[in-house]
Amino acid sequence: MIVQTVLDLPDCKVLTSGNPQRKISKIFCCDLLSIAMSKAPADSVWVTVMGNKNTLAVASLTDTACIILAENAALDENTLAQAEKERIAILSTELPVFDIALKVYEARKL
């Protein structure tokens, strides 16, 4: 699966497109930044409700390919601009973490 697959999900709003051709290795769900910092796999889709600049910092540190902000979590414009520079895709959705992670998993199988 590639980032473009996630960008095409109908339940998500694309905030930054990152690198659409980047390969995705896993789906990772976590809302505790310290755990995400030590356990988020490189090239993963990270699903979280943590909408702050530290989320982007952890994604950058762990080489996450894509962040999905569940439950309508949001990021400020400065953080989104930094995500564009770092080529990290960010999407938002009103869906809960489990539901959007399941949709990503199902899209992976197509």
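Numbering-wise, our numbering puts 55 at position 55 of the sequence shown, and it's gapless, one number per residue. A virtual CB, placed ideally from N, CA and C, is assigned to each residue, including glycine.
Got a sec, what are the start and stop residues for the alpha helix (DSSP H) residue i sits in?
| i | result |
| --- | --- |
| Ile100 | Val97 to Arg108 |
| Ala59 | Lys53 to Thr62 |
| Thr93 | Premise fails: Thr93 is in no alpha helix (DSSP H) and is neither H nor E. |
Please report how far the alpha carbon of residue i lies from the alpha carbon of residue j, in whole angstroms.
| i | j | result |
| --- | --- | --- |
| Asp43 | Leu9 | 18 Å |
| Leu129 | Lys109 | Any property of residue 129 remains undetermined from this structure, which presents the chain solely from 1 to 110. |
| Ala81 | Ile88 | 10 Å |
| Leu91 | Leu56 | 12 Å |
| Ala135 | Leu32 | With the chain represented from 1 up to 110, any question about residue 135 goes unanswered, as that position is not in the structure. |
| Leu102 | Asn54 | 25 Å |
Sort the options by Cα distance to residue i and report the nearest one.
| i | options | result |
| --- | --- | --- |
| Ser60 | Leu7, Arg22, Thr5 and Met37 | Met37 |
| Phe98 | Ile27, Met1, Leu75 and Gly51 | Ile27 |
| Gly18 | Ala101, Ile2 and Leu102 | Ile2 |
DSSP three-state label for residue i, please.
| i | result |
| --- | --- |
| Leu75 | coil |
| Ile35 | helix |
| Lys26 | coil |
For residue i, I'd like the list of residues in its chain whose CB is within less than 8 Å of its CB, leaving aside the five on either flank, ordered along the chain.
| i | result |
| --- | --- |
| Tyr105 | Ile27 |
In chain order, what residues of the same chain have a beta carbon less than 7 Å from the beta carbon of residue i, not counting five sequence neighbours either side?
| i | result |
| --- | --- |
| Glu84 | Thr16 |
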